[in-house]
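Chemist: Here's a structure for you.
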């Protein structure tokens, strides 16, 4: 069978850096092809070459698609020939409807006047194909991320897609939505549409991919066929990092002390809809040196719970009690929560964690400027020492502490955010999705940091959608669903099935 | 390594440094070029001591307001009301001093407080009710324009007591009374200039030492030296010119003190750091425990007080408060900040940039007036310069990225 896409010897050089070196990628018709690799391995660059973001002539090598050599000058060129890329950050207009978004730029119109009946009818058809049961007039902002992803795919289908490229499609989806999305890819495959799936989630790769191309340092290091050979996650990881990761979680000997953080009967209402209760009487205890996991599906209220505890950063009509070291603590504003010893590391480091236009040094001290100043005057050399200390301790890979954070990789950005909160000197650290979108190697480092902090006697609360991660690093796990804790179990006794069963049962009950 | 190798090495370092700091140098260079251009086209009038003094007096209120406006813009907001507020405060001061015969110093303090209160009121709606500053201050612009008319009853009020006039038309008195180059020469002015120069150089050397101690001195030695020589030359030359006229105007001292204060505030204090963080990413700043609402309120209070001061300076200079005072100031002030490199999106901008921006506009106003260019064309030219400055800024930023 002839491949539908063949990229041969692609080399792409940026000033001073060779991003891709003789990369080969071939995708067969009706195939799901996974492209994996650590952050910075060249996956995104390769896709930008393919989709015409980097026009022909700015790279070496050849692209054959659908039997013809292609020289795409713009994204429109590649889209016209049937290559559609769906980016991690969705390109939808939040205050326009589903139908308007799907037909944006390709409106069904005569002489500039939109035919709303046809738009409506075709939107319904497309939504049916992707299995999305929403009204075409619903605004994008009113549907969840999972559904938004489906709208993006419907949009792609409308453009007569032959090759669908998905960049980290499930990184912000819960398990159910992820599975639905993967099932959809399989359905497309049955209809003859090929897909390229770029993801960090190897279990998903093994579920759906026919073949896997592994990139490392801008080179193709392996192409694995899941039908001819038995491919395991470890096998892929080995190819990705170039070494065997015998253990994906660092070993840890927990020394758990007395409770230092307690939340009692915590209730929160939606910030805009005052009648909608988001958190319904949650009780939580975290002990000294303990890593407590909170498992749950997307939208179960984990982030809302954490942010409402952290100085009421989410919600309204917040009631309940917080005790730190056994004494009632005032956490009604963020500065007060911080003074009480809390720190919250956000799940969205670009929007809520970093001042991206500023450098590492300024970001590290932002939450504790008092710590490097006297009489409100910043001591620059003290600040420099602090920044350098965290850069070294947490292994932030950068040209120095004056590097702008927007230029750092996801893992290093996360370390900067962590540094900021460590420097604020908290007793209780709440980490919300601490390893989202970062590569295997950096994840391992983050786990190591979490262990170290626990050993220092802090209480750590980890919110994560990756259950394996929670099982691997926590001492105790709470399961959250629909604003309640529905189960609590020691991590040793916990399994993915047990957690899922607890969630299912809470729905039935 | 041979000599030529060393030589090309330092040349490379220098090129790289200039490239990465092109924005700052380009700004200063533009001001120099514009000054030389007008010096030539006005047959040497621009640098005459009397004209230099005028230039300072004419621009002081724009510079004073640009300091506050820079904070506002860095924080991600805008203030369209500063012109009207300064006009209104000038009118209130006039009414207090002329018909009510109140003490000028009491009046000035009351007026600064009034300005701060006006800024606070506007800042309150921006900070705590999240109404865009553009709308709040647009409303303020109309309200205070109207109130200025009401307070003055549509007429001009003046003249003012002598003590008040001194704010703008007074000079630091001479103590030496010497003659130089066939005229009176204010030696004190030159001495103050020398002291200020020495202070600046001292701080530059101290900073350089600290940088070297941490291995962070990126600026090549020759540029560092050149920069300091240039600063010294400019300051001494400038005070020399001023000394040959009447000496240093009081308002110049006020202006320089404020510039120094705001440079310190933005670069060295936690307050300044938080303003930049807030403008760079408000959500992240808030989640880092920064009380962004209070910060926003404070910035508007500062802006209001500075607008009031500018209004007083302007009224004192004309020796009369008119209903039209302050009209259009906001545009020059905002233009000064953007010419000086501030970003509309917030988080970026320097006090020195805004000051240089204000002087670029000031020198253009002054030079074009001397040349006899009509007010109509002056607007066109100033608009074109603003557009060009921001375009070049954006163009080189994109190219660098």
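Residue numbers (the working numbering), protein chains in the order written: chain H, 1 to 509; chain W, 510 to 910.
In this text, a Cβ means the ideal position worked out from N, Cα and C, and glycines have one as well.
What's the gap between the Cα of residue 356(H) and the Cα of residue 426(H)?
Modeler: Cα to Cα, residue 356(H) sits roughly 23 Å from residue 426(H).
Chemist: On the CB-based measure, 16 or more other CB atoms within 10 Å of its CB, does residue 668(W) come out buried or exposed?
Modeler: It is exposed - the Cβ of residue 668(W) has fewer than 16 other Cβ atoms within 10 Å.
Chemist: For a cutoff of 8 Å on Cβ pairs, would you count residue 394(H) as touching chain W?
Modeler: Not one chain W Cβ lies under 8 Å of residue 394(H).
Chemist: Do you know how far the Cα of residue 876(W) is from the Cα of residue 821(W)?
Modeler: About 25 Å.
Chemist: Among 133(H), 476(H), 103(H), which residue has its Cα nearest to the Cα of residue 119(H)?
Modeler: Of the listed residues, the one whose Cα sits closest to residue 119(H) is 103(H).
Chemist: Taking only runs that begin and end inside the segment 523-570 of chain W, name each unbroken alpha helix (DSSP H) of 4 or more residues, in chain order.
Modeler: Listed in chain order, the complete alpha helix (DSSP H) runs (minimum 4 residues) inside the segment 523-570 of chain W are 531-550.
Chemist: Among 901(W), 645(W), 598(W), 880(W), whose alpha-carbon lies nearest the alpha-carbon of residue 549(W)?
Modeler: The candidate whose alpha carbon is nearest that of residue 549(W) is 880(W).
Chemist: I want to see whether chain H comes within less than 8 Å of residue 857(W), judged by CB atoms only; does it?
Modeler: Taking Cβ atoms only, chain H reaches closer than 8 Å to residue 857(W), which makes this a yes.
Chemist: Give me the Cα-Cα distance between residue 13(H) and residue 785(W), rounded to the nearest whole angstrom.
Modeler: Their backbone Cα atoms lie some 35 Å apart in a straight line.
Chemist: Taking the alpha carbon of residue 871(W) as the reference point, which residue from 619(W), 526(W), 543(W) has its own alpha carbon closest?
Modeler: Taking only the C-alpha atoms, the option nearest residue 871(W) is 543(W).
Chemist: To be precise: take each residue of the segment 770-783 of chain W, compare its Cβ to all Cβ atoms of chain H, and keep it if any distance is under 9 Å. Which residues remain?
Modeler: Within the segment 770-783 of chain W, the qualifying residues are 773, 776, 777, 778, 779, 780, 781, 782, 783.
Chemist: What's the gap between the Cα of residue 521(W) and the Cα of residue 733(W)?
Modeler: Cα to Cα, the separation comes out at about 16 Å.
Chemist: Any contact of the segment 430-448 of chain H with the segment 263-274 of chain H, i.e. 3+ C-beta pairs under 8 Å?
Modeler: No, because fewer than three Cβ pairs between the segment 430-448 of chain H and the segment 263-274 of chain H fall closer than 8 Å, the two stretches do not touch.
Chemist: Apply the 10 Å Cβ neighbour rule to residue 114(H) and answer buried if 16 or more other Cβ atoms are within range, or exposed otherwise.
Modeler: With fewer than 16 other Cβ atoms within 10 Å, it is exposed.
Chemist: Put residue 624(W) into one of helix, strand or coil per three-state DSSP.
Modeler: In the structure shown, residue 624(W) sits in a helix (DSSP, three-state: H, G or I).
Chemist: As an exercise, report each continuous beta strand (DSSP E) stretch of at least 3 residues that is fully enclosed by the segment 324-349 of chain H, in chain order.
Modeler: Listed in chain order, the complete beta strand (DSSP E) runs (minimum 3 residues) inside the segment 324-349 of chain H are 342-345.
Chemist: Are the C-beta of residue 386(H) and some C-beta of chain W separated by less than 8 Å?
Modeler: With 8 Å as the cut-off, residue 386(H) does not count as an interface residue toward chain W.
Chemist: Out of 406(H), 291(H), 413(H), 309(H), which has the shortest C-alpha to C-alpha gap to residue 459(H)?
Modeler: Comparing Cα positions, the closest option is 291(H).
Chemist: Could you name the residues of the same chain whose beta carbon sits closer than 8 Å to that of residue 834(W), not counting the 5 residues immediately before and after it, in chain order?
Modeler: Cβ neighbours of residue 834(W) beyond the five flanking positions: 595, 596, 599, 600, 657, 820, 823, 824, 827.
Chemist: To the nearest angstrom, how far is it from the Cα of residue 138(H) to the Cα of residue 577(W)?
Modeler: Roughly 44 Å separates the two Cα atoms.
Chemist: Please work out which residues of its chain come closer than 8 Å, Cβ to Cβ, to residue 11(H), disregarding the five sequence neighbours upstream and downstream, and give them in chain order.
Modeler: So the list reads 18, 20, 21, 22, 23, 59, 60, 61, once near-sequence residues are dropped.
Chemist: Under 8 Å, Cβ to Cβ, is there at least one residue of chain H near residue 792(W)?
Modeler: Yes, contact with chain H.
Chemist: Which partner residues does residue 34(H) have in the DSSP bridge list?
Modeler: DSSP output for residue 34(H) lists 197(H), 212(H) as bridge partner(s).
Chemist: Since residue 67(H) and residue 161(H) are thought to touch, with beta carbons under 8 Å apart, how far apart are those beta carbons, to the nearest angstrom?
Modeler: The Cβ separation is near 17 Å, so there is no contact.
Chemist: Could you tell me which residues DSSP pairs with residue 770(W) in its beta bridges?
Modeler: Residue 770(W) pairs with nothing; no bridge assigned.
Chemist: Under 9 Å between beta-carbons, which chain W residues line up against residue 335(H)? List them in chain order, please.
Modeler: Per Cβ cutoff of 9 Å: 798, 799, 800.
Chemist: What three-state label does DSSP hand residue 107(H) in the structure shown?
Modeler: DSSP places residue 107(H) in coil when its eight states are reduced to three.
Chemist: What are the uninterrupted segments assigned as beta strand (DSSP E) that are 3 or more residues long and contained completely in the segment 570-639 of chain W, given in chain order?
Modeler: Counting whole runs of 3 or more residues, the segment 570-639 of chain W contains no beta strand (DSSP E) stretch at all.
Chemist: Roughly how many angstroms lie between the CA atoms of residue 797(W) and residue 157(H), to the nearest whole one?
Modeler: Their backbone Cα atoms lie some 42 Å apart in a straight line.
Chemist: Going by CA-CA distance only, name the one from 494(H), 390(H), 5(H) that's closest to residue 196(H).
Modeler: Taking only the C-alpha atoms, the option nearest residue 196(H) is 5(H).
Chemist: So residue 386(H) and residue 372(H) are supposed to be a Cβ contact under 8 Å. How far apart are they, rounded?
Modeler: Confirmed, about 6 Å.
Chemist: Is the Cβ of residue 313(H) closer than 8 Å to any Cβ of chain W?
Modeler: Yes, residue 313(H) counts as interfacial toward chain W.
Chemist: Does the distance from the CB of residue 241(H) to the CB of residue 445(H) come in under 8 Å?
Modeler: For residue 241(H) and residue 445(H), no; Cβs fall outside 8 Å.
Chemist: Helix or strand or just coil, what does DSSP make of residue 674(W)?
Modeler: Residue 674(W) falls in the helix class under three-state DSSP.
Chemist: What in chain W is Cβ-close to residue 352(H), meaning under 9 Å?
Modeler: The contacting residues are 790, 792, 793, 795, 796.
Chemist: To the nearest whole angstrom, what separates the beta carbons of residue 344(H) and residue 793(W), a pair I think is in contact under 8 Å?
Modeler: Going by Cβ atoms, the distance from residue 344(H) to residue 793(W) rounds to 12 Å, so no, they are not a contact pair.
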